[in-house]
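For the sequence shown, my numbering begins at 69 and goes up steadily by one.
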Amino acid sequence: MLVQDWMTSIVATIEDDDSIMKASKLMKQNRIQHLPVLKEGRLVGIISDRDLKEAQPSKATSLDIHAPEATLEKAAALLQKYNISALPVVDAKGELQGIITKGDVFRAFVDISGIHHSELQMGFEVDDRPGSIGEVANIVRTHGGRIVGIFTEYGRAPAGFRHVYIRVKGVKDVDEEDMVKDFMVEEIKRKCKLLYRCHDRVD
Numbered sequence: 069m070l071v072q073d074w075m076t077s078i079v080a081t082i083e084d085d086d087s088i089m090k091a092s093k094l095m096k097q098n099r100i101q102h103l104p105v106l107k108e109g110r111l112v113g114i115i116s117d118r119d120l121k122e123a124q125p126s127k128a129t130s131l132d133i134h135a136p137e138a139t140l141e142k143a144a145a146l147l148q149k150y151n152i153s154a155l156p157v158v159d160a161k162g163e164l165q166g167i168i169t170k171g172d173v174f175r176a177f178v179d180i181s182g183i184h185h186s187e188l189q190m191g192f193e194v195d196d197r198p199g200s201i202g203e204v205a206n207i208v209r210t211h212g213g214r215i216v217g218i219f220t221e222y223g224r225a226p227a228g229f230r231h232v233y234i235r236v237k238g239v240k241d242v243d244e245e246d247m248v249k250d251f252m253v254e255e256i257k258r259k260c261k262l263l264y265r266c267h268d269r270v271d
């Protein structure tokens, strides 16, 4: 996932010598929370509504910039690391292209999770070896299902394992009234440890 596919286009900017009052007015008029700060057309920083309330400079400086072709994951890691809410996006010519915000990251996460396409989600603990996720995917497929979202992580898994979270649609034999009859899940459980299963959806 690239920043350029999820960033927010710039609707307003301010110059480095503009007043705080002007910045506040622009934010209210455009219903935005961040304003890139320019000097002679070049990015020198970014200011947020929180900065205005606290009357202090943002932790985001002109060095905290992101390229459009950088990954969204890297942007998310920087936002978390520095506890900031937005990063300016600048191309190779130094021209401002947009900003990537925490809201943009959340929007991407929700979209790729598949929650808008399926209500069945399951979490598993699988062996950390080639083919372990493929085995789960094959079982889903044999029951007529399709994986519409998948995440994996190592941080909470024991050594030699990893956690896999999948969202599935189209399974033929899912009985939402009696989960014991969900043959697909029972078959997967013979391959790996089931962490949880749940039904939820946001339309």
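The beta-carbon is built from N, C-alpha and C at its ideal position, and this holds for glycine as well.
Selected residue, minimal CA-CA separation from residue i, among the options
| i | options | result |
| --- | --- | --- |
| GLY166 | ILE100, ILE183, LEU120 and LEU262 | ILE100 |
| GLU137 | ASP159, ASN151 and LEU120 | ASP159 |
| GLY162 | GLY113, CYS260, ASP73 and TYR233 | GLY113 |
| TYR264 | LEU188, VAL71 and GLU221 | LEU188 |
| LYS261 | VAL194, MET252, VAL208 and ASP85 | VAL194 |
| VAL270 | GLN72, ASP73, HIS134 and ARG175 | ARG175 |
| ASP73 | GLN148, ASN98, ILE180 and SER116 | ILE180 |
Integer Cβ distance of residue i from residue j, believed to fall under 8 angstroms
| i | j | result |
| --- | --- | --- |
| GLY212 | VAL239 | 6 angstroms |
| PRO156 | LEU146 | PRO156 to LEU146, Cβ: 12 angstroms. No contact. |
| ALA143 | VAL178 | No, ALA143 and VAL178 are not in contact; Cβ-Cβ is about 16 angstroms, not under 8 angstroms. |
| ILE88 | LEU120 | 6 angstroms |
| VAL236 | ILE215 | 6 angstroms |
Spatial distance of residue i from residue j (CA atoms)
| i | j | result |
| --- | --- | --- |
| ARG110 | HIS185 | 42 angstroms |
| ARG258 | ASN151 | 42 angstroms |
| GLY228 | THR169 | 35 angstroms |
| VAL204 | THR210 | 10 angstroms |
| GLY217 | GLY191 | 12 angstroms |
| MET75 | ALA154 | 10 angstroms |
| ASP196 | ILE256 | 16 angstroms |
| ASP84 | LEU106 | 6 angstroms |
| LYS234 | ALA91 | For the record, residue 234 in the displayed sequence is Ile; it is not Lys. The alpha-carbon atoms of ILE234 and ALA91 are separated by roughly 43 angstroms. |
| ILE183 | ASP268 | 8 angstroms |
| ARG224 | PRO104 | 37 angstroms |
| CYS266 | GLU108 | 54 angstroms |
Alpha helix (DSSP H) segment containing residue i, residue limits
| i | result |
| --- | --- |
| THR210 | 200-210 |
| GLN101 | Run containing GLN101: none; DSSP gives neither H nor E here. |
Start-to-end residues for the beta strand (DSSP E) that takes in residue i
| i | result |
| --- | --- |
| ALA154 | 154-158 |
| MET190 | 188-195 |
Residue i vs residue j beta-carbon contact at 8 angstroms
| i | j | result |
| --- | --- | --- |
| LEU94 | LEU140 | no |
| ILE277 | MET252 | In the structure as shown, the chain starts at 69 and stops at 271, and residue 277 therefore has no counterpart that could be examined. |
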